[in-house]
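Numbering (full-length UniProt numbering), first residue to last: 1 to 359.
Quick reminder that beta carbons are idealized off the backbone N, C-alpha and C, glycines included.
Since this is a predicted model, take the numbers as computed values, not measurements.
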Amino acid sequence: MTLLEVNDLTVKFYTQDGVVTAVDNLSYQIESGEKFGVVGESGAGKSVTALSLMRLIDSPGQIESGEILFKGEDLLEMSEEEVRNIRGNEIAMIFQDAQTALNPVYTVGEQIAEAIRHHLGHDEAEARERTIQLLDRVGIPEAETRFSDYPHEFSGGMQQRAVIAMALSCDPDLLLCDEPTTALDVTIEAQILEELEELADDFDTAIQLITHDLGVVAEVCDRVMVMYGGKPVEKAPVEELYYDPKHPYTVGLMSSIPRVGDDRDRLQTIPGTMPDLVELPPGCSFHPRCPYAEESCTRKEPPLLDPETGEEAAGTANEHAAACLEYSGELQGGLDYSVEINDSQGEPTAVNPEGDRND
């Protein structure tokens, strides 16, 4: 069952430097209970997309057009009061920085209990009991005692666990996770991701996981959408994306993932930087950084296509689609890369056009 359906979403920010198109004609869907990854560099539009789902785009930003259908109802057509009843209740969000997400003048327990009282109508004793159960469930020891502690008394990992408990406090149907492990070391990151995945299954909650790290997506997600310059450039089930990537940007991201046993002196990088969203390059916005770019790429913006048929993607949940002129037969030189399997690790290995292996 489709839980969330985003159709042709466009979000712009009106700044002194010009109009920034942060999200451009974006469409995707998430099924109930699904774990959906959104991947891209900083500036790709990932976080703005999540904030749009929560109706939290503030001035000078504006949702220009599109639909955000949640359980069949358009969030963009709802009143602010209707959205407030959904926000934190049916749709919850875990922000990048847990420390700033928690109010420093209230105890952690009070903050979680307040959301429970507001959305679920529990009295103070019931809210306290549920909060302690949640703190314990997310791995905070001595939960009853920690209920009365302030955010600064928690470590970074414990703060993130508290934020997860708050997000899950009202049994949301959809959990938006915006780089939830950015500030944590790799050991704590692995623990948080494992717990987040288990909790989502236990609570039957769908996840939209926003990250720049394809390795994180591989651990958690069922499907993935790769964004660049505010647009989707590839969508696929996660295994298909890893073993058969179809867009040069995806290949570049895969090639930059560090792996155990990697004997290279330096990781492979994608040349250049994310384009200026005030004035995107004409044609394919990735062409200034793409090793396969041709003159046609500077003129024509490729739609999402089915790589097998060359037809425009149908928008179904499990399709594999990529935005590249290769799949409409307009790229003369083709895409000269492949993906091999590292036998020792069982991992996909991107091979770039110069033949340097990511293994």
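State the beta-bridge partners of THR15 as determined by DSSP. GLY18
Got a sec, what are the start and stop residues for the alpha helix (DSSP H) ILE140 sits in? Premise fails: ILE140 is in no alpha helix (DSSP H) and is neither H nor E.
Which term fits VAL278, buried or exposed, when burial requires 16 or more other beta carbons within 10 angstroms of its beta carbon? Looking at its Cβ environment, which holds fewer than 16 other Cβ atoms inside 10 Å, VAL278 is exposed.
Contact under 8 angstroms by Cβ, ILE210 with ILE164: no
Local conformation of ARG299 per DSSP, three classes: coil
Give the straight-line distance between the Cα atoms of THR15 and PRO275, rounded to the nearest whole angstrom. 17 angstroms
Roughly how far, in whole angstroms, is the beta-carbon of PRO303 from the beta-carbon of TYR28, given that I think they are within contact range, below 8 angstroms? Actually they do not touch by this definition, with Cβ atoms about 14 angstroms apart.
Rounded separation between ALA218 and TYR242 - CA only: 8 angstroms
State yes or no: is the C-beta of SER52 within less than 8 angstroms of the C-beta of ALA206? no
Could you please give the first and the last residue of the uninterrupted beta strand (DSSP E) stretch that includes LYS46? Run containing LYS46: none in the beta strand (DSSP E); it sits in the alpha helix (DSSP H), 46 to 53.
When burial is assigned at 16 or more other CB atoms within 10 Å of the CB, is GLU185 buried or exposed? Here the sequence assigns Asp to residue 185, which means Glu is not the residue at that position. Answer is exposed; the Cβ neighbour count stays below 16.
Excluding the 5 residues flanking ALA101 on each side, which residues of the same chain have their C-beta closer than 6 angstroms to its C-beta? Shown here for ALA101: same chain residues with a beta carbon closer than 6 angstroms to its own, the five before and five after excluded, namely PHE95, VAL163 in chain order.
Is the Cβ of VAL224 closer than 8 angstroms to any Cβ of chain B? Here there is only one protein chain, and chain B is not present.
Just reading off the alpha helix (DSSP H) that GLY157 is part of, what are its end residues? 156 to 168
Assumed close pair VAL108, ASP136 - CB separation to whole angstroms, cut-off 8 angstroms: In fact, because the Cβ distance is near 13 angstroms, the residues do not count as touching under 8 angstroms.
Taking a contact to mean a Cβ-Cβ separation below 8 angstroms, would you say LEU193 touches LEU168 in this structure? no
List the residues that DSSP assigns as beta-bridge partners of PHE36. The partner list for PHE36 (beta bridge, DSSP) reads GLN208, ARG223.
Put VAL186 into one of helix, strand or coil per three-state DSSP. When DSSP states are grouped into helix, strand and coil, VAL186 belongs to the helix group.
What residue range does the beta strand (DSSP E) around VAL233 cover? 231 to 237
According to the neighbour-count rule (16 or more other Cβ atoms, all chains shown, within 10 Å of its Cβ), is GLN255 buried or exposed? Contrary to the premise, residue 255 reads as Ser rather than Gln in this sequence. SER255 comes out buried.
Any idea what DSSP makes of THR250, helix, strand or coil? helix
DSSP-derived helix/strand/coil call for ASN85: helix
Pairwise C-alpha distance: VAL6 and LEU331: 30 angstroms
Hey, PRO237 and CYS290 are a contact pair by Cβ (cut 8 angstroms); roughly how many whole angstroms apart? Their Cβ separation, rounded to whole angstroms, is 24 angstroms, which puts PRO237 and CYS290 out of contact at 8 angstroms.
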